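Colleague: The structure's right below; bear with me while I get my questions together.
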Amino acid sequence: TCSHFFSFTECCCFLQSAFDKIRTNQTLQTLKEENEALRRNLSDIKTGSTTSTPACGCPKCPTCPTCPPPPAVQSLTCLTCEAGWEPHGGNCYYFSTSKSSWTDSRRSCTDLGSDLVKIDSREEQMFLEIRVRDLMENDGENFWIGLTDSKEEGKWLWVDGSPLNKSLSFWMPWEPDNTNITNPGGEDCGGMGKKGGADDLMCWFDQLCGLRRRSICEKPADLPKPKERLSYGMSGWINPL
Numbered sequence: 015t016c017s018h019f020f021s022f023t024e025c026c027c028f029l030q031s032a033f034d035k036i037r038t039n040q041t042l043q044t045l046k047e048e049n050e051a052l053r054r055n056l057s058d059i060k061t062g063s064t065t066s067t068p069a070c071g072c073p074k075c076p077t078c079p080t081c082p083p084p085p086a087v088q089s090l091t092c093l094t095c096e097a098g099w100e101p102h103g104g105n106c107y108y109f110s111t112s113k114s115s116w117t118d119s120r121r122s123c124t125d126l127g128s129d130l131v132k133i134d135s136r137e138e139q140m141f142l143e144i145r146v147r148d149l150m151e152n153d154g155e156n157f158w159i160g161l162t163d164s165k166e167e168g169k170w171l172w173v174d175g176s177p178l179n180k181s182l183s184f185w186m187p188w189e190p191d192n193t194n195i196t197n198p199g200g201e202d203c204g205g206m207g208k209k210g211g212a213d214d215l216m217c218w219f220d221q222l223c224g225l226r227r228r229s230i231c232e233k234p235a236d237l238p239k240p241k242e243r244l245s246y247g248m249s250g251w252i253n254p255l
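Letter 120 of the sequence shown, counting from 1, is numbered 134 in our numbering, and no numbers are missing.
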């Protein structure tokens, strides 16, 4: 034992040295574990991991502040038409219930801020053919459209002065025929409609301009009103107006 070979003082020094060595080893082990934890935490930060809790107990990196979303704003209103008008393809259509000559029908349309319809596409013709068919009570209930050759026989013009595109016309078989049995002036105004439905949309014909028929008026749809513009300030979303 210690007392057989060493003095009391020497024995105490020996024990103290042994104790210090043990404590130093424990401290080194603790430091080693903490160093390993820090190394793992640094690796997590480099790889962008935010799911694990740092071993050192440090709080996670704060999330960068972002502006809150703006308050709900009513979405843009679709193009609209006045009451009694039907919207389609960016335009509004009015199918009259009264009957007038071609000239008077056009005047009625212009009084409403429109004109007799000009058909610019097959898709528009399809829409009109279906609507007219549904509105007709019989084949005599057809409608005036904005087409005439009153200035020059055989040269069909739309009401805006543009010539009829022959590749985009929908004359019924044998039309236009300019029948002049009852009127020496012939048939110079265009109409459309076939109660039973038209083959391949072909439902146009020429008629005496003085006949009383229903009509189709057309004008651009109304644009939506401008929406409020918002900006973000220190106190949140604000309306600069």
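Even glycine gets a Cβ: it sits at the ideal position worked out from N, Cα and C.
It should be emphasised that the depicted structure is a prediction, and the values quoted were computed from it without experimental measurement.
1. For a minimum of 4 consecutive residues, which ranges assigned as the alpha helix (DSSP H) are wholly contained in the stretch 125-209?
2. In chain order, what residues of the same chain lie with their CB nearer than 7 Å to the CB of residue 98, ignoring the 5 residues before and after it?
3. Could you please give me the residues that DSSP links to residue 223 through a beta bridge?
4. At the level of alpha carbons, what is the spacing between residue 198 and residue 148?
5. Apply the 10 Å Cβ neighbour rule to residue 39 and answer buried if 16 or more other Cβ atoms are within range, or exposed otherwise.
6. Mapping DSSP to helix, strand and coil, what is residue 99?
7. Give me the DSSP bridge partner(s) of residue 94.
8. Per DSSP, what kind of secondary structure is residue 217 in: helix, strand or coil?
9. How about residue 119 and residue 170: do their beta carbons lie closer than 8 Å?
10. Taking 8 Å as the limit between beta carbons, can you name the residues of its chain near residue 93, skipping five residues before and five after?
11. How about residue 220 and residue 201: are their beta carbons less than 8 Å apart?
12. In the DSSP output, what is residue 105 paired with across the bridge?
13. Whole angstroms is fine: what's the gap from residue 45's alpha carbon to residue 52's?
14. In this structure, does DSSP put residue 119 in helix, strand or coil?
15. For residue 146, which of 161, 167 and 111 has the nearest alpha-carbon?
Modeller: The relevant details are as follows:
1. 136-149
2. 108, listed in sequence order.
3. Partner(s): none; residue 223 has no beta bridge.
4. 33 Å
5. exposed
6. Three-state DSSP puts residue 99 in coil, outside helix and strand.
7. 236
8. Correct three-state label for residue 217: coil.
9. no
10. The beta carbon of residue 93 sits closer than 8 Å to those of 101, 104, 235, 236, 237 and 238, all from its chain and outside the five residues before and after it, given in chain order.
11. A contact, by the Cβ cut-off of 8 Å.
12. In the DSSP output, where bridge partners are listed per residue, residue 105 has 102 and 234.
13. 10 Å
14. helix
15. 111
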